[in-house]
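In our numbering, the protein residues as written are 281 to 532. The C-beta atom is built at its ideal place from N, Cα and C for all residues, glycine as well.
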Amino acid sequence: MLPKIEIGPEYLVMESGTSDGTQIKYFKDNNWYKIDRYGGEGQVEELASDILTLTNLPDKDYVKYSQIKINDEFGCMSENFLQPNESFITLYRLYSNIQGGDLATVTARMDYDEAIDYVLEFMDKNAKVDLREYLANTFAMDALILNEDRHFNNLGLIYDGERFRPAPIFDNGKSLFVGNKRYSQEKAMTENKKKAFAKAFSGSFDLNDSYLRKYRSFEFDYDRIESFLKEKISGEDTVYDRLYSLIGVIKL
């Protein structure tokens, strides 16, 4: 039984930072509450953060989510990762503020490796921050869970009034084929995996992951993850079952 919360409209936050249009969230008592749009996002968010707790990635480098029912609808909650003196600025907005234009449009004209280097160099020059480890860690997680909604509005920096630093990894809900109409539970995972595409830089999760892999600061213990998932799988095509099958493909 999931915990439940009732939240009034006075806590509603409207954001236009997703690739699928406006996303509805609530912010109350320093916590974010997000209602599922496609069905399953909250479960994926919780699973993704559970998987990251099984690695050596520090807690500060990712957001911890938990499933919850919000106004009788499925969703998830997470604690605000900002301190009172801090603000979050997306890579998209920072680029637009400094350079003008659309970062996604600019990088779409480049090969994936050129685009990654362009963003790294721009952020290093203008925000004095090295994003190689941040992007490498994010790409690794995206490749594992097939996050199809990683874009320049959920990649970003935290600014404390003096300096920038990378934000934690967050926004993993549209992964493991949630919202992917090409997915079919009748097909083998090796076939379904071919129907999931990355968004930022390259459409290939593997290309994004491999390009910055040497800067990654953690590794997955697939045996440990499988042991965790065995306690969750049901044989009914849940996101736990899907990830368990994906890891089987990875280990082939």
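Gln323 places its beta carbon 7 Å or farther from that of Val529. At a Cβ-Cβ threshold of 7 Å, Gly355 and Ile315 count as neighbours. A contact between stretches requires three or more CB pairs, one per stretch, nearer than 8 Å, and the region 446-455 meets this requirement with the region 359-378. Selection Ser376, Asp382, Arg317 and Ser346 evaluated against Glu353 yields Arg317 as nearest (Cα-Cα). Straight-line spacing of the CA atoms in Arg522 and Gly441 works out to 42 Å.
Secondary structure remark: continuous beta strand (DSSP E) runs of at least 3 residues inside the region 415-485, in chain order: 436-439 and 444-446. Within 10 angstroms of the beta-carbon of Arg430 lie 16 or more other beta-carbons, which makes it buried. Every alpha helix (DSSP H) of 4 residues or more that sits fully in the region 382-407 is shown, in chain order, as 383-388 and 392-407. No Cβ-Cβ contact shorter than 7 Å links Leu327 with Tyr342. Closest in C-alpha terms to Met281, from the list Gln347, Asn311, Tyr306 and Pro289, comes Gln347. Taking C-beta separations shorter than 7 Å and ignoring five residues to either side along the sequence, Lys405 has no partners in its chain. Rounded to whole angstroms, the separation of the alpha carbons of Glu499 and Ser329 is 14 Å. Taking the Cβ atoms as the reference, Leu334 lies roughly 6 Å from Ile505, within the contact range of under 8 Å. Look at the beta carbons and you see the region 410-423 not touching the region 374-393: under three pairs across the two are nearer than 8 Å.
Assignment of beta-bridge partners to Tyr306 by DSSP yields Leu292 and Tyr313. Counting of Cβ neighbours within 10 angstroms places Val399 among the buried residues, the total reaching 16 or more.
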